[in-house]
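K.L.:
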Amino acid sequence: MKRVILLSLALVMVFLVSAVAHVPAQVVLNYLPLPPQLVISGVSGTIWDGSATGVSWQRQKLGALHWQLAPLKLLTGKAEAQVRFGRGSDMQVTGRGVVGYSMSGPYAENLIASLPVEKILELTPPMPVPVELTGQVELSIKSMVYAVPYCQTGEGSVVWSTDKVITPLDELSVGPVVVDFSCQDSQITLKGDQNSQQVSSAAEVVMQANRSYQASAWFKPGNEFPGSLAEQLKWLPTPDSEGRYQFTYQGRL
0 MKRVILLSLA
10 LVMVFLVSAV
20 AHVPAQVVLN
30 YLPLPPQLVI
40 SGVSGTIWDG
50 SATGVSWQRQ
60 KLGALHWQLA
70 PLKLLTGKAE
80 AQVRFGRGSD
90 MQVTGRGVVG
100 YSMSGPYAEN
110 LIASLPVEKI
120 LELTPPMPVP
130 VELTGQVELS
140 IKSMVYAVPY
150 CQTGEGSVVW
160 STDKVITPLD
170 ELSVGPVVVD
180 FSCQDSQITL
190 KGDQNSQQVS
200 SAAEVVMQAN
210 RSYQASAWFK
220 PGNEFPGSLA
230 EQLKWLPTPD
240 SEGRYQFTYQ
250 GRL
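Using numbering that gives the first Met the number 0, the final residue of the sequence shown is 252, and nothing's skipped along the way.
Laid out in structure tokens, this is it:
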């Protein structure tokens with residue numbers, strides 16, 4: 000009798016697991032309290048392995064989404080999924096990586112997203128100097144745990160793959176720009192640099208949770224610095240002993 004009961008319980012568990020595993024994602028989505036700004040369409044597959052042909056936030060098309068949940072992570076109290084996203088987005092963003100939710104909050108690991116720099120400029124205030132920026136920007140998040148207002152912890156990098164900046168006076172070859180960032184209790188620190196035959200530069204920015212920031216930067220003209228731009232250096236403060244023009248800023252975003 001005991002064996003019959005155990006076998007019956009095992010069969011019931013197998014049935015329940017199989018039923019949950021094959022629940023259509025659209026059925027689950029119908030019962031989720033999604034915010035009105037979020038629209039998910041073309042949902043197919045299951046909650047474990049599914050996709051959506053379109054995701055929109057405040058009428059901004061974010062593109063297609065595919066997810067694959069990691070069942071074993073549930074045993075550790077985490078809901079984690081491998082995701083791919085962005086195909087067909089208005090921002091031309093594409094990406095992939097790991098996102099999840101744990102007792103510490105939402106998190107991301109080994110997440111990579113890429114988009115044209117022109118699309119970023121559409122979301123930022125106009126630049127004080129008319130310049131043309133080209134190239135692709137890639138965000139790489141090694142690890143990040145979200146916490147209000149920004150993040151509890153985090154680290155990663157941003158790489159701007161470009162070759163030049165176009166100004167009304169001349170073109171300036173800069174080469175790739177690499178920025179490393181870290182976050183601790185919503186204090187974000189960014190450190191970046193670049194180097195080319197025409198110019199080298201570096202910058203560090205620290206932003207606090209209250210959106211105040213302090214920034215320091217410098218640039219040094221190289222041997223091939225354009226002459227038309229070199230004529231404008233006389234309007235800047237005197238460079239230091241190493242030929243670097245230094246600047247500091249602080250304010251609030």
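The beta-carbon is built from N, C-alpha and C at its ideal position, and this holds for glycine as well.
If you draw a straight line from the C-alpha of K141 to the C-alpha of N109, how long is it?
P.N.:
Rounded to the nearest angstrom, the two C-alpha atoms are 5 angstroms apart.
K.L.:
Rounded to a whole number of angstroms, what is the C-alpha to C-alpha distance between S211 and K77?
P.N.:
Each residue's Cα considered, the two are about 34 angstroms apart.
K.L.:
DSSP state of M12, grouped into three classes?
P.N.:
The predicted position of M12 is uncertain, since its pLDDT is 46 and thus under 50; no value can be drawn from it.
K.L.:
Name the two residues that bound the continuous beta strand (DSSP E) containing E108.
P.N.:
104-115 is the extent of the beta strand (DSSP E) around E108.
K.L.:
Quick test of your reading: P220 and V205, contact by CB under 8 angstroms. State the CB separation rounded to the nearest angstrom.
P.N.:
At roughly 27 angstroms, the Cβ-Cβ gap does not stay under 8 angstroms, so P220 and V205 are not in contact.
K.L.:
Give every residue of the same chain whose Cβ lies closer than 7 angstroms to the Cβ of N222, excluding the five residues on either side of it in the sequence, and list them in chain order.
P.N.:
So the qualifying residues of the chain are Q196.
K.L.:
Between G96 and A107, how many whole angstroms is the CB-CB distance? I'm expecting something under 8 angstroms.
P.N.:
The pair is a contact, with the Cβ atoms about 6 angstroms apart (cut-off 8 angstroms).
K.L.:
Using a Cβ-Cβ cutoff of less than 6 angstroms, which residues in the same chain neighbour P170 once the five nearest sequence positions on both sides are dropped?
P.N.:
In the sequence as presented, Pro is not what sits at residue 170; that position holds Glu. K163, listed in sequence order.
K.L.:
With DSSP collapsed to three states, give me the class of S46.
P.N.:
First, the residue type needs correcting, since residue 46 is Ile and not Ser in the sequence shown. Note: I46 maps to coil in three-state DSSP.
K.L.:
What does the alpha-carbon distance come out to for the pair G226 and T166?
P.N.:
Approximately 13 angstroms, taken between the alpha carbons.
K.L.:
What is the DSSP secondary structure of S195, reduced to helix, strand or coil?
P.N.:
Here S195 sits in coil by DSSP.
K.L.:
Near R251, what residues of its chain come up, given a Cβ to Cβ distance below 8 angstroms and the 5 sequence neighbours on each side ignored?
P.N.:
Excluding residues within five positions, the ones whose Cβ falls inside 8 angstroms are N209, R210, S211, Y212.
K.L.:
With a CB to CB cut of under 6 angstroms and the five nearest residues on each side skipped, what residues in its chain are close to G53?
P.N.:
So the qualifying residues of the chain are S40, G41.
K.L.:
Are at least three pairs of beta-carbons, each pair with one atom in the region 150-163 and one in the region 172-184, less than 8 angstroms apart?
P.N.:
Contact between the region 150-163 and the region 172-184 is present, because at least three Cβ pairs lie under 8 angstroms.
K.L.:
So, for E241: in the same chain, excluding its five sequence neighbours on each side, which residues have a beta-carbon less than 8 angstroms away from its beta-carbon?
P.N.:
Contacts found: K219.
K.L.:
Between Y145 and S185, is the Cβ-Cβ spacing less than 7 angstroms?
P.N.:
No.
K.L.:
Since I believe W217 is in contact with Y244 (beta carbons under 8 angstroms), could you give me their beta-carbon distance rounded to a whole number of angstroms?
P.N.:
About 6 angstroms; that satisfies the 8 angstroms criterion.
K.L.:
Classify S103 as buried or exposed, calling it buried when 16 or more other Cβ atoms lie within 10 Å of its own Cβ.
P.N.:
The residue in question, S103, is exposed, as its Cβ has fewer than 16 Cβ neighbours within 10 Å.
K.L.:
A80 and L68 - do their beta-carbons sit closer together than 7 angstroms?
P.N.:
It is a contact, given that the beta carbons lie within the stated cut-off.
K.L.:
Label G85 either buried or exposed according to how many other C-beta atoms from any shown protein chain fall within 10 Å of its C-beta, with 16 as the threshold for buried.
P.N.:
So G85 ends up on the buried side.
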